[in-house]
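Note that the protein sequences, when read in sequence, are chains Z, H and R. Take the first sequence: its letters are residues 122 to 314, numbered as in the working numbering. Take the second sequence: its letters are residues 32 to 453, numbered as in the working numbering. Take the third sequence: its letters are residues 44 to 227, numbered as in the working numbering.
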Amino acid sequence: MAVGGKRLADYGLRSERLLWPDKGPGVFEQEVDNLEQRVGLTTLAKAVAWSQTKSMWPDTFGLACCAIEMMSIVSSRYDIARFGMEAFRASPRQADLLIVSGRVVHKMAAPLRQIYDQMLEPKWVIAMGACASSGGMFNNYTTLQGVDKIVPVDIHVPGCPPRPEGLMEGILRLHEKVLAGVPPAYEIRGVAE
Amino acid sequence: MAIAPEKRKSPIYEGSRIPQPIPSVLQVPEALRRSDDILEVNFGPNHPSTHGVLRLIVELDGEKVVGLRAVVGYLHTGFEKSMESKTWWKAIPFAPRMDYLAFQANELAFVLAIEKLLGIEVPPKATWMRMLLTELNRIHSHLVWLGTSALELGAISPFWYTFRERDRVLDLFEMVAGTRMHTRYFQVGGLAEDIPRGFFDECRKFCEIMPGAVDEYEQLLTYNEIWLKRTKGVGLLSADDALALGQSGPVLRGSGVDWDLRRAQPYLAYDQVDFDVPVYYNGDVWDRYKVHMDEMRESTRIVSQALEGMPGGAWIADDRKVVLPPREELHTSMETLIHHFKLVTEGFRVPEGEVYLAIESPRGEFGCYLCSDGGPKPWRVRFRTPSFIALQATATLVRDGLVADMIAAVGSLDTVMGECDR
Amino acid sequence: MSYAGTPGLVEEKVAYDETTLVVDPARLVEACEHLRDEEGFCFLSDLSSVDYAGWGEEPVAGYWGGAGGRDLNQPGTWGLARKPAPKRKRFAVNLHLLCVRSGAREARRVRVQVWVDDGEQIPSVVSVWPTADWLEREVWDMMGIRFSGHPDLTRILMDDDWEGFPLRKDYPIGGEPVRFSGEE
């Protein structure tokens with residue numbers, strides 16, 4: 122898969138699609154293509170990106186069922202401490218990553234945005250689960266149809282709830298994005314319509 | 032309002048008093064408000080120590096809690112309204128997502144209520160398997176409760192111990208239903224699929240290690256000096272207040288009332304297995320913790336007995352108007368094809384009527400009130416969730432307590448906000 | 044067993060092994076006190092409401108078979124489109140009561156039902172069972188039925204400034220339209 126002359130693997134992204142090599146670039150690759158100047162970091166930026174990924178502390182934003190699976194990545198079987206992320210900070214001022222795990226309803230939307238605003242840059246958001254990504258099975262008057270309506274999201278993890286391995290895959294892809302130099306979502310895009 | 036004793040003809044229960052109105056909001060007394068510095072703190076919806084998205088508006092006089100108000104609704108997903116727009120089958124996956132720790136208990140209540148309205152006979156193998164899975168779910172719920180409650184009080188280690196067993200329980204669910212949580216394995220009429228080979232052996236292995244694991248948790252916590260200081264005498268709730276406030280489950284049993292729906296109104300096959308109901312009489316956080324621990328042991332006993340006594344036979348009822356026909360028949364029989372088509376597209380119809388069915392979920396009495404108009408979709412589904420009722424008791428529990436006691440008391444109520452807010 | 048002595052009793056029906064007592068709303072508190080003190084229902088399990096607006100407008104095919112189960116050998120009972128019997132008023136508020144006795148092997152339940160129309164008020168039973176506090180707030184929030192005598196009847200599940208009563212039948216389900224699905 123070549124984007125702007127360089128293969129994604131050369132940017133450091135290991136998760137390119139291997140099964141469909143002839144398919145044209147998807148949204149992710151197009152985004153990377155648009156940021157060609159930003160991708161390909163200086164040595165200092167590479168070092169900073171490496172250290173950001175090696176201890177990206179999540180914020181405790183467990184809302185519903187996905188929160189239980191998020192807690193299980195801290196448990197000994199799935200062990201996110203190997204990636205330096207077992208320190209779930211309660212204060213958003215000390216957190217880098219907001220894993221929105223669970224359905225966000227209108228009443229909770231304001232606290233969510235407030236927590237997001239309180240986080241210091243650089244900050245990343247993972248929308249974990251179907252409800253955070255797109256409203257899930259709850260297409261009704263009270264559930265926000267996707268948390269990307271109020272906060273810019275870097276990674277969407279599908280599942281209801283996603284397996285802990287699925288969430289880890291999402292987190293690792295986020296690490297790869299950061300290592301490749303893709304800026305956090307608030308610099309690229311705003312919120313969805 | 033108090034009623035004079037001579038008007039009462041029959042005693043409510045031993046040592047009762049007709050309850051005075053018990054407020055669900057703790058108000059700061061006026062004299063204190065005028066004389067002292069009262070600090071109003073918001074234990075907001077996003078907080079490491081409240082179970083889920085609960086907001087507590089607390090007024091503090093130093094470290095003492097003098098005013099408390101619980102605000103809920105931060106997870107109100109509109110379950111009841113959503114289920115009214117889906118057919119009966121399609122409404123079943125909504126139920127487990129309410130109480131996401133005891134997911135199969137929610138499914139069980141909903142499915143049992145539909146079966147009560149339909150008047151359908153469930154084969155014994157399905158009944159026993161449902162009981163087995165519901166008890167495993169009870170163990171799962173108590174494990175997560177223990178891990179997170181201990182974590183809130185600062186006892187960080189038990190979290191890893193309990194989640195180790197929790198992963199084993201989820202392995203069993205995955206073996207049976209294909210997914211770890213929200214299994215949707217209970218179908219109207221029985222189970223969705225037959226029980227796979229190898230499940231019973233794995234379950235037996237789990238039952239062998241579980242009592243040892245509960246012993247480990249007890250070694251860490253039960254007589255630990257810090258745990259005793261944090262939980263003994265904290266969050267007191269008398270039996271009268273518990274009944275007046277509608278508490279059920281471990282909260283009620285920790286306050287001395289021997290009430291368990293599995294004993295009082297046996298559903299599934301609970302009258303055919305032997306188990307004890309733990310009751311403790313002090314009404315504090317330590318007693319509720321002990322009730323949870325003993326319940327884990329009793330649930331393991333029930334699971335072992337269910338494994339021994341599991342009957343063979345069909346896993347779902349034979350009523351083709353309600354239950355999908357076996358797939359092999361679709362190739363040969365026209366009626367089967369038509370029934371399959373009608374069941375999948377329009378759904379079966381449930382006779383007109385209303386029914387209220389309550390089961391003993393790990394949190395207490397979980398009730399499902401169904402109203403059907405005879406059509407393929409529910410007219411009204413209402414879930415009576417124990418966490419909603421339990422949170423009304425926060426003001427009573429943390430009277431004269433410190434902030435740290437408030438955390439312990441609210442944790443011991445074992446609330447799950449998904450089921451509280453629905 | 045019969046609860047004929049309940050004050051304000053309008054009708055007593057038994058279906059699916061459950062007893063429902065329809066009670067006059069004006070005498071609800073009296074009836075509840077009678078049931079709590081004389082009959083021993085010290086525990087309020089649930090207080091919920093149902094909106095019957097639009098009930099019986101769509102004829103539904105009758106469920107073939109009787110209370111004993113389905114009877115495929117009885118032709119002519121299937122698919123008879125008939126309308127369900129109309130209800131008295133628009134809203135029904137159900138109180139599910141339970142008799143809790145420590146160590147009991149029996150759970151006696153009863154349902155108390157009151158019928159109201161839009162705009163009518165029901166006396167609050169908070170003085171009888173304190174559990175009713177939040178349950179009545181939820182009924183107010185979701186259905187818009189007022190309870191007179193309630194200490195703090197405000198919204199509990201929805202936002203404080205939400206307009207409308209979501210569980211009513213004339214309130215739309217909301218959400219976004221999904222392509223190719225039957226629902227809009």
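No residue lacks a Cβ here, since even glycine has one placed at the ideal position from N, Cα and C.
9 Å Cβ cut-off: residues of chain Z touching residue i
| i | result |
| --- | --- |
| G217(R) | N260, N261, Y262, T263 and T264 |
Sub-8 Å separation of residue i and residue j beta-carbons
| i | j | result |
| --- | --- | --- |
| S443(H) | P417(H) | no |
| E179(R) | F190(R) | yes |
| R284(H) | V322(H) | yes |
| V265(H) | A440(H) | yes |
| G267(Z) | G256(Z) | yes |
| P283(Z) | V246(Z) | no |
| I236(Z) | N77(H) | yes |
| T264(Z) | G109(H) | yes |
| G287(Z) | C187(Z) | no |
| A175(R) | L87(R) | yes |
| G378(H) | L106(H) | no |
| V153(R) | Y46(R) | yes |
| K244(Z) | D200(Z) | no |
Option in the options with minimal Cα separation from residue i
| i | options | result |
| --- | --- | --- |
| I482(H) | V334(H), A300(H), G340(H) and P357(H) | This structure does not reach residue 482(H), given that chain H is present from 32 up to 453, and the question cannot be answered. |
| E111(H) | Y311(H), Y400(H) and F419(H) | Y400(H) |
| E90(H) | G264(H), E71(H), M365(H) and L132(H) | E71(H) |
| F194(H) | L300(Z), R198(Z), T163(Z) and K167(Z) | R198(Z) |
| E61(R) | K147(H), M212(H) and N168(H) | K147(H) |
| D67(R) | E82(R), D80(R), L78(R) and P50(R) | P50(R) |
| I454(H) | F204(H), L164(H) and L252(H) | Limits of chain H in this structure are 32 at one end and 453 at the other, which puts residue 454(H) out of reach. |
| R411(H) | E76(R), A47(R), W98(R) and E73(R) | W98(R) |
| P242(H) | L368(H), E61(H) and M327(H) | M327(H) |
| T214(H) | A273(H), G405(H), Y312(H) and I123(H) | I123(H) |
| T262(H) | F74(H), L143(H) and S180(H) | S180(H) |
| H139(R) | A96(R), V168(R), G48(R) and H193(R) | V168(R) |
| G187(R) | R144(R), W172(R) and D160(R) | D160(R) |
| S145(R) | G150(H), A295(H), M437(H) and E359(H) | A295(H) |
Per-residue DSSP class, three states only, for residue i
| i | result |
| --- | --- |
| Q235(Z) | helix |
| E55(R) | strand |
| G221(H) | strand |
| W177(R) | helix |
| H277(Z) | strand |
| E297(Z) | helix |
| Y216(H) | coil |
| N73(H) | strand |
| P127(H) | helix |
| G112(R) | Confidence is the limiting factor: at G112(R) the pLDDT is only 43, short of 50, which leaves the residue's position unreliable, though a coordinate-based value still follows. Three-state DSSP puts G112(R) in a strand. |
| I88(H) | strand |
| D67(R) | coil |
| L164(H) | helix |
| F86(R) | strand |
| K212(R) | coil |
| E308(Z) | helix |
| S66(H) | helix |
| Q164(R) | strand |
| K121(H) | helix |
Amino acids of chain H, ordered along the chain, whose beta-carbon sits closer than 8 Å to that of residue i
| i | result |
| --- | --- |
| L87(R) | G277 |
| R76(Z) | Nothing about residue 76(Z) can be read from this structure; chain Z reaches only from 122 to 314. |
| E174(R) | Here the sequence assigns Thr to residue 174(R), which means Glu is not the residue at that position. Correct list: A275, L276, G277, I420 and Q423. |
| M201(R) | G104 and H107 |
Bridge-paired residues (DSSP) for residue i
| i | result |
| --- | --- |
| C142(R) | R151(R) |
| Q173(Z) | In the DSSP output, where bridge partners are listed per residue, Q173(Z) has none listed. |
| W158(R) | A135(R) |
| C399(H) | L388(H) and F414(H) |
| K373(H) | None; K373(H) has no bridge partner. |
Proximal chain Z residues relative to residue i, where beta-carbon distance stays under 7 Å
| i | result |
| --- | --- |
| V84(H) | L184 and M229 |
Chain-ordered neighbours of residue i on chain R, where CB pairs are closer than 7 Å
| i | result |
| --- | --- |
| E111(H) | L210 |
| W290(H) | V143 and S145 |
| Q296(H) | A150 |
| A389(H) | S88 |
| V386(H) | Y59 and E61 |
Closer than 8 Å at the beta carbon, the chain Z residues around residue i
| i | result |
| --- | --- |
| V221(R) | N260 |
Partner residues on chain H for residue i, Cβ-Cβ distance less than 9 Å
| i | result |
| --- | --- |
| S196(Z) | G178, F190, W191, T193, F194, R195, R197 and D198 |
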